[in-house]
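No gaps in the numbering here: position 43 of the sequence shown is 78 in our numbering, and each next residue is one more. For glycine and all other residues, C-beta sits at the position ideal for the given N, C-alpha and C. Here the structure is a predicted model, which is why all the values come from computation and not from measurement. What follows is one structure encoded as structure tokens, with my remarks underneath.
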Amino acid sequence: MKLILILALFSLSSSASANGIDVLHAFIADTHTAQAQFTQTVYDRHHAVRQQSSGSMAFSRPSKFRWVYQKPYAQIIVGDGKKIYLYDEDLSQVTIKSMNHALGSSPAALLAGDNAVEKYYQFSDSGNHGDLTSLIATPKDKESPYQHIEMDFDHTQLVRLIIQDNFGTTTELNLNHWVRNPKLPASDFTFTPPAGVDVVSDQP
């Protein structure tokens, strides 16, 4: 199962009493680039594990990102600000989509997009759960494949995303080893399909 969950993240500046929405706004204001490692678990509607994977990510706001799945299957997802490239090594295939069409109200738009997050999402604070401060982001687009996204912060750091889609699938993304505002090479956010692979594109 392929999930284009280009997502990101970070250290933030915020007060101990800030709620989840305050922390998210601090991230948007203060985090321009980031690197992290992730583990991802996908559950079906009965909460049985369907897929587990891990890898690394980086982003440069707005709208540039690199998402690398290392285990169990090698995949690379790159957004260059205009297009998104999904390279599946096992299938020897590259899928290219326009950035505007693919991002929409996706988690990538929420985290690595521009500052106008309220244009795409309705936010509600979800309170504190142990040491975590949480919020719920609900897409305003009625045709979005996502029901809502929970974001969990440990003080000033995003540690987990829980993404619920309209098909009963839940994706839990745990994030660690953050580096906030590193200097990232431009080559991280460019992609040229390898010679000999099949290319599927929605571009004219």
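> Which first and last residues belong to the alpha helix (DSSP H) in which His26 is found?
Replying inline: The structure shown does not extend to residue 26, since the chain spans only 36 to 239, so no value can be given for it.
>> Could you give the first and the last residue of the continuous beta strand (DSSP E) run that contains Ala69?
In response: Sequence index remark: in the sequence shown, residue 69 carries index 34 (1-based). Thr68 to Tyr78 is the extent of the beta strand (DSSP E) around Ala69.
>> Using only CA atoms, which one of Leu126, Thr130 and Gln110 lies nearest to Ile241?
In response: Residue numbering for the chain in the displayed model covers 36 to 239; residue 241 lies beyond these limits and cannot be assessed.
>> Just to confirm, is the Cβ distance from Asn54 to Asp160 under 7 Å?
In response: As a working mapping, residue 54 is identified with position 19 in the sequence shown. As a working mapping, residue 160 is identified with position 125 in the sequence shown. For the pair Asn54 and Asp160, the CB atoms are nearer than the 7 Å cut-off.
> By Cβ distance below 7 Å, which residues in the same chain neighbour Gly134 in space, the five residues on each side in sequence not counted?
Replying inline: Within the sequence shown, numbered from 1, the residue matching residue 134 stands at position 99. Reading the sequence as shown, one finds Met at residue 134 and not Gly. Non-local C-beta neighbours of Met134 in its own chain, meaning closer than 7 Å and more than five positions away in sequence, comprise Ser98, Gly114, Gly116, Lys117, Lys118 and Ile119, ordered along the chain.
>> Please return the same chain residues whose Cβ sits closer than 6 Å to the Cβ of Asp223, not counting the five positions on each side in sequence.
In response: Position 188 of the sequence shown, counting from 1, holds the residue named residue 223. Closer than 6 Å at the Cβ level, and outside the excluded window around Asp223, lie Ala93 and Arg101.
> Three-state secondary structure (DSSP) at Pro174?
Replying inline: Counted from its first residue, the sequence shown places residue 174 at position 139. Three-state result, Pro174: strand.
>> Looking at Phe233: is its Cβ nearer than 7 Å to the Cβ of Gln110?
In response: On the sequence shown, position 198 is the one that residue 233 refers to. On the sequence shown, position 75 is the one that residue 110 refers to. A quick correction: the sequence has Asp, not Phe, at residue 233. Not in contact: Asp233 and Gln110 (Cβ atoms no closer than 7 Å).
> Beta carbon of Asp65: closer than 6 Å to some heavy atom of the ligand MN?
Replying inline: What this structure holds is no ligand at all, so the ligand MN is not there to describe.
>> Is it buried or exposed, Ala144, if we count other Cβ atoms within 10 angstroms and call 16 or more buried?
In response: For this step, residue 144 is matched to residue 109 along the sequence shown. That one is buried.
> When the distance is taken between beta carbons, is Phe158 closer than 7 Å to Ile56?
Replying inline: Indexing the sequence shown from 1 puts residue 56 at position 21. Indexing the sequence shown from 1 puts residue 158 at position 123. Yes.
> For Tyr78, which of Glu207, His60, Lys177 and Ser88 has the nearest alpha-carbon?
Replying inline: Taking the sequence shown and counting its residues from 1, one reaches residue 78 at position 43. Distance check between Tyr78 and each of Glu207, His60, Lys177 and Ser88 places Glu207 closest, using alpha-carbon atoms only.
>> If I measure Cβ to Cβ from Asp166 and keep anything under 7 Å in the same chain, skipping five residues before and after, which residues do I get?
In response: The residue given as residue 166 occupies position 131 in the sequence shown. Cβ within range, chain order: Asp189.
>> I'd like to check one pair, Thr68 with Leu196: are the Cβ atoms closer than 7 Å?
In response: Within the sequence shown, residue 196 is the residue found at index 161, counting from 1. Within the sequence shown, residue 68 is the residue found at index 33, counting from 1. Contact: no.
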